[in-house]
Amino acid sequence: MSRKAAVVALTALAPISWGSTYFVTTEFLPPDRPLFTGLMRALPAGLLLLALTRKLPQGAWWGKAAVLGALNIGAFFPLLFLAAYRLPGGVAAVVGSVGPLFVVGLAALFLGDKPTAKSLITAIAAAFGVSLVVLKAGAALDALGVVAGLLSALSMSAGVVFTKRWGRPEGVGALALTGWQLTAGGLIILPIAFLIEGAPPALTGTNLAGYAYLAFGNTAISYFLWFRGIERLSASSATLLGPLSPLTAAIIGWAALGQALGPVQIVGMVIAFGATLAGQLSPRTPKAPQIETFSLTEKNAQEVSMDLEGSAVRR
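Counting in this note's numbering, the sequence shown tops out at residue 773, every number present.
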């Protein structure tokens, strides 16, 4: 396996893990507490990573970490949950799947990456494939839900682009940077959750197990892999792994919850997965011409030196 393929495979584990969120939320967590769930995903995971890495931002990185935490977590989670509550699940997933198109535009503005026909086609194909998988006939639209879904996709896309643009400070690992963002995002969600949803609900053992999975496996590890992958992949390649999340959710829904998965959904999966793979392929570059190189042994060097001296004498 090539180095890039290994990076892609590890990064893909993040959206695949996020695809399990719906199942865990519906089967393990108390109902109607989306902001509290977002808080429990982000803040404990961020504090744990801060404790493990023992590194805090310095200088301008206090502001950068806050911005990235807001884009990737603090604004993204509430907007995503608002869209999920105002829209049918399939519509919310389709609205969110336009993220790769946002990344193409933002990367052109802030990274200088010129949009290509390939990046646009793969982004559109991925969104179309996801729509076939999750969109149901007669799905209702809600203006506020659609706006929230688009803003959540824009927030996450901007987070990808600025994570790519700013990188991370010298001597700071991806694990520490992940902890900064999760903590900042969790602190942003904290007052919103208590203002809108009130005090935390009484939690059962099942609830605690669900939150533990979301905080550590689904968030701490997954976001570490995600941010690490963004450093090593192009912004468009990374964000085109996003459709793996609704595809995973559909497969889990079929396998664990008995949800229908017919021919149209399977075709959509093939299209979306094909677009995801196409987004990871690097453009072919012409091979550089091979230049013959010669190495001089000590004897060769002496012979050349003697030839030069003889030539100089003859002159």
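For every residue, glycine included, the Cβ atom is placed at its ideal position computed from N, Cα and C.
About 6 Å separates the beta carbons of Ala565 and Val619, which is inside the 8 Å limit, making them a contact pair. Val466 sits in a helix when the DSSP states are folded into three classes. Across the structure, Pro558 and Leu506 are spaced so that their CA atoms are roughly 31 Å apart. In the structure shown, Leu698 falls within a coil segment according to DSSP collapsed to helix, strand and coil.
Here the segment 713-732 lies against the segment 574-594, with 3 or more beta-carbon pairs under 8 Å apart.
Under the 10 Å beta carbon count, Lys576 is surrounded by fewer than 16 other beta carbons and is classified as exposed.
Within the model, the alpha-carbon separation for Ile531 versus Thr706 is close to 21 Å.
In the assembly as shown, Pro721 is an exposed residue. Its beta-carbon has fewer than 16 other beta-carbons within 10 Å.
For Val722, the enclosing alpha helix (DSSP H) has its first and last residue at 721-736.
In this chain, the alpha helix (DSSP H) harbouring Lys576 covers 575-592. With contacts defined by Cβ atoms closer than 8 Å, Gly603 and Phe539 do not form a contacting pair. Between the alpha carbons of Gly631 and Ile646 lies a gap of roughly 23 Å.
CA-to-CA, the gap between Pro701 and Tyr671 works out to about 22 Å.
A Cβ-Cβ distance of about 6 Å is found for the pair Pro659 and Arg491, placing them in contact under the 8 Å criterion. Only residues of its own chain outside the window of five on either side were considered, and among them Ala707, Ile710, Gly711, Ala714, Leu715 have a CB closer than 8 Å to the CB of Phe481, listed in chain order. Judged by beta-carbon spacing, Thr677 lies within the 8 Å limit of Arg499, meaning their Cβ atoms are closer than that value. The C-beta distance from Val588 to Ser555 rounds to 4 Å, short enough to meet the 8 Å contact threshold.
Between Gly737 and Leu698, the C-beta gap is smaller than 8 Å, which places the two residues in contact. Straight across, the Cα-Cα distance linking Ile724 with Pro704 is about 13 Å. DSSP places Val525 in the uninterrupted alpha helix (DSSP H) bounded by 519-527.
The closest CA to that of Pro536, considering only Gly607, Leu567, Lys572, Leu578, is found on Gly607. Thr636 is positioned such that its CB atom lies closer than 8 Å to that of Tyr681.
In this chain, the alpha helix (DSSP H) harbouring Ser613 covers 601-624.
The continuous alpha helix (DSSP H) containing Gly663 extends over residues 663-670.
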